[in-house]
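A quick write-up on the structure given underneath.
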Amino acid sequence: MIVYFILFLLLYNAFTFYIGWSGWKWLNSIRKLSNKVKVGYAFAIAIIAYAYPLGRFGAAPLFIEVIGYYWLVLMLYGLILLPLAGVTVALMKRFTRIDSRRLVRWTGSIVAVAIAVIFTIGTYMAYSPVVRSYPITIDKPVAMGSSLRIVMAADMHFGALSNKKHAQRLVEKMNGLQPDLILLPGDIIDDSLDEFLKQGIGDDLAKLEAKYGIYASLGNHDYRGGVEELGEALAASGIQLLVDEWAPIADQLYVIGREDYSIEDRASLSEVMDGIDLAKPVLLLDHQPRELDQIAASGVDLVVSGHTHRGQLAPGSSITNRIYENDWGYLRKEALHSIVTSGFGFWGPPVRIGSRSEIAVIDVTFKPTAAASAN
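At position 360 of the sequence shown the residue is numbered 360 (the UniProt record's numbering), and the sequence of numbers has no breaks.
Here is the structure:
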């Protein structure tokens, strides 16, 4: 473990030096920097590069942590854009007579503008949720009516940055969709319950309205806040947390909430489903979209998940879609409908590129099987 940590530090510092050196070359191409300015610049880069761990672990104010988050975004896209800028400068020097200093100034300015655009658009995408619609049919009869509107959101990561105002957006948008049932499959908080309680986010969630109730399951980040404490906080908001257990809805269908996949000794799905009548629709909340074959074989009709964030920062989705059979959107597997959301909140930087904050609306039509119709 120590070896990996040392290797990580070496790479991180090397990347920091590369980005800092590139930035210095660009600034120096605009105006010759004095030695004092150079020292100040180097000091500023060092502080910014370590702002995230300082803020994350409580050694600095929130604004320092925010600076650190945006530094991580800058580092990611800097490591993509700066080599391209370097190649461009080299080619232009080789095939044109443009002064090197001017080339560095132009390409550096383009990279700086690109990073600023990424910050601006990415922040907007993180805080401006959209609604995704998924009409599905479950071939089972229910007496409550031929349709059911489910509104689902995951990965709220409520905390210092995915804050009370963002929670109010969630409530306003969800209630505006007039849900019959609300499902929240995990990562409700961002590691700690402190900010959730401090900001009174539970008071906002208590305003959610759904005819058949609001149900949640655990995500990997929720355990760090204390499962019992989180359950109590959600219950005070009228949200029922299901931990490897199920609840009947109007005696017509079932909602199951699973422990997160990261819990090694979580019960098997067959154990959790003990006592369920498979002639009725079965809805499953499972934070991580895994084991879809097993879920399909179990008789579950709909599984809703999150966790992937759809990569959150491009090209992250090219990784998540190789890890998960369904990393975002809709997948049909036999009679099972799998719906994975990119999440309402975010983890780490309040930035999304190539993904967006979202809420899912699942309009379910219940269609009796031939046998049921004959009866």
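We put the CB at the ideal spot given by N, CA and C, even for glycine.
It should be emphasised that the depicted structure is a prediction, and the values quoted were computed from it without experimental measurement.
Hey, out of the options, whose CA is closest to residue i's CA?
i	options	result
TYR134	PRO349, THR341, ILE353, LYS367	THR341
GLY186	SER109, GLY213, ALA154, ALA51	ALA154
ILE188	ALA167, GLU172, VAL300, LEU62	ALA167
PHE366	ILE138, LEU81, LEU10	ILE138
GLY200	ARG169, LYS164, GLU209	LYS164
TYR127	SER357, VAL364, VAL361	SER357
VAL303	GLY55, VAL255, PHE196	VAL255
ILE263	TRP21, ASP301, TYR223, MET144	TYR223
GLU172	TYR12, LEU208, HIS157	LEU208
ASP191	MET156, ASN175, GLY176	MET156
ASP327	HIS287, ARG352, TYR18, VAL351	HIS287
GLU271	LEU253, GLU291, TRP246	TRP246
LYS198	VAL227, GLU228, LEU81, ALA233	ALA233
GLY225	LEU193, GLN178, GLY23, THR120	LEU193
VAL361	GLN178, ILE110, ILE6, SER109	GLN178
residue 387	ARG332, ASP204, LEU313	Because residue 387 is not part of the residues shown, which for the chain are 1 to 375, the question remains open.
LEU273	ARG31, LEU253, SER298	Correcting the residue type first, residue 273 is Met in the shown sequence and not Leu. Minimum Cα distance to MET273 is reached at SER298.
ASP204	ASN220, ARG169, LEU230	ARG169
LEU336	GLU291, SER355, VAL87	GLU291
GLY145	TYR324, VAL111, LEU7, GLN252	GLN252
MET174	PHE196, LEU62, LEU27, ARG149	ARG149
Between which two residues does the alpha helix (DSSP H) containing residue i stretch?
i	result
GLU358	Where GLU358 is concerned, there is no enclosing alpha helix (DSSP H), although the beta strand (DSSP E) it sits in stretches over 358-366.
LEU72	62-95
LEU208	First-last for LEU208: undefined, no H or E at that position.
ILE2	2-30
LEU313	LEU313 -> no alpha helix (DSSP H), and no H or E assigned at all.
GLU271	269-272
ALA335	Premise fails: ALA335 is in no alpha helix (DSSP H) and is neither H nor E.
HIS287	First-last for HIS287: undefined, no H or E at that position.
GLY55	51-56
ARG224	Run containing ARG224: none; DSSP gives neither H nor E here.
LEU170	164-176
May I ask you to list the residues that DSSP assigns as paired with residue i?
i	result
PHE158	ILE189
GLY240	Checking the displayed sequence, the identity of residue 240 turns out to be Gln instead of Gly. DSSP output for GLN240 lists TYR215 as bridge partner(s).
GLY329	VAL340
SER147	THR365
LEU184	ALA216
VAL282	TYR254
MET152	LEU183, ALA360
Could you tell me whether the Cβ atoms of residue i and residue j are closer together than 7 Å?
i	j	result
ALA267	ASP244	yes
ASP260	TYR212	no
ALA296	GLU334	yes
GLY345	SER162	yes
LEU214	ILE249	Just to set this straight, residue 214 is Ile in the shown sequence, not Leu. Their beta carbons are not under 7 Å apart, which means ILE214 does not touch ILE249 by this criterion.
VAL73	PRO281	no
LEU241	ALA210	no
GLY78	ILE64	no
GLY202	ALA236	yes
ALA85	THR107	yes
ILE182	VAL364	no
VAL351	THR123	yes
ILE45	GLY20	yes
VAL104	LYS36	no
LEU285	VAL300	no
ALA51	ILE67	yes
THR320	GLY329	no
SER29	LEU82	no
Between which two residues does the beta strand (DSSP E) harbouring residue i extend?
i	result
ILE138	130-138
GLY257	253-257
ILE249	245-249
VAL142	Where VAL142 is concerned, there is no enclosing beta strand (DSSP E), given that its DSSP letter is neither H nor E.
LEU302	302-305
VAL351	No beta strand (DSSP E) contains VAL351, which DSSP labels as neither H nor E.
Spell out whether any CB of chain B is found under 7 Å from the CB atom of residue i.
i	result
ARG101	You won't find chain B in this structure, because it holds only one protein chain.
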